[in-house]
Amino acid sequence: MAAHATVVGSGPNGLTAAAVLARAGLRVRVLEAADTIGGGVRTEALTLPGFRHDVGSAVHPAALTSPIFRALGLHRVVSWLNPDASYAHPLDRGPAAIAWRDIDRTADDLGPDGRAWLAMTRPLARHINELVTFTGDQLIRMPRHPLTAVRYGLRVLEQGTGLGAASFRTPRAAALLAGAMAHANTWMPSLASAAAGLLLTAQAHAGGWPVPHGGAQTIAEALAADIRAHGGVIETG
Ligand SMILES: Cc1cc2nc3c(=O)[nH]c(=O)nc-3n(C[C@H](O)[C@H](O)[C@H](O)COP(=O)(O)OP(=O)(O)OC[C@H]3O[C@@H](n4cnc5c(N)ncnc54)[C@H](O)[C@@H]3O)c2cc1C
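Numbered by our numbering, the letters in the sequence shown go through residues 1 to 237 in order.
In structure tokens form, the structure reads like this:
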């Protein structure tokens, strides 16, 4: 008889865990307190008829590079809209700084800081899978790709401390990195904010910052379909 597993919460992490357990042959039951699944990745009709809004996450740089989403085949099931501009940082004066998916176009736009931007982000974007493996692994183990880990670690030290202030000559390049770092919701500069910002800028130039067609809820629905296809049940409310 198959073992049972109960997963509490149907956010993307709970659903992913449940999908892995269900695929491993366990009889999985997901218990969700809310009336709908998805947690922070829900889409709801909140305003005008025909409009659906993401109530939490909307843009998913990690989704295309996530090893577990790839293993579950989510990149094939969810339809991704991937704009040419991954993200932008508006400034009080002058045009917004834009992180294009095309790294050379970004560097051209940044003018005098283009070379510094390329030096910082290109090696990380080129080795995005190694970087995602490193940042997703337990940190207290020998990195599987030491060169990428060292490159990233040195940049995190640079940008996470006062040293980073000397990296760029213009506010536009500094803002482009700072905006990504701010996603860590912590002190800036700090090692944690630099780690998040550098990963996000690398993803901006590697897979891009895609939006799921139909809203974030489609990620939750795709995971739920996978769970059910492997015999799992989901109870809401
Ligand atoms: C406003 C906002 C914007 C965001 N934007 C982005 C973005 O653009 N891109 C991005 O990648 N990330 C974004 N995030 C972050 C992303 O939403 C979270 O990282 C993600 O939802 C975390 O997933 P989780 O499964 O850990 O938890 P959650 O998504 O929080 O899910 C937890 C679930 O558990 C349920 N639960 C809790 N306690 C119980 C209980 N006792 N019994 C039963 N059920 C329970 C909750 O109801 C909820 O459904 C954003 C978050 C917010 C809030």
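Backbone N, C-alpha and C fix where the C-beta goes; we use that ideal spot for every residue, glycine too.
Spatial neighbours of Val132 within its chain, please: C-beta separation below 6 Å, excluding the five flanking residues on both sides. Result list for Val132: Thr65, in chain order.
Note to self: Contact defined as beta carbons within less than 8 Å: I believe Val30 pairs with Leu15. What is the distance between those atoms, to the nearest angstrom?
What the structure shows: 7 Å
request  = Using 10 angstroms around the beta-carbon of Val7, count the other beta-carbons present and answer buried if the total reaches 16, otherwise exposed.
outcome  = buried
| Where does the unbroken beta strand (DSSP E) through Ile98 begin, and where does it stop? | Ala97 to Trp100
Q) Is Gly197 near ligand 1, in the sense that its beta carbon is under 7 Å from a heavy atom of that ligand? A) no
Can you tell me whether DSSP reads His205 as helix, strand or coil?
helix
What is the rounded straight-line gap between the Cα of Arg23 and the Cα of Arg151?
Cα to Cα, the separation comes out at about 36 Å.
Query raised in the report: Can the beta-carbon of Thr135 be found less than 8 Å from the beta-carbon of Leu48?
Result: no
- In DSSP terms, what Asp54 is bridged to: Thr43
Consult DSSP for Trp117 and reduce its assignment to one of helix, strand or coil. In the structure shown, Trp117 sits in a helix (DSSP, three-state: H, G or I).
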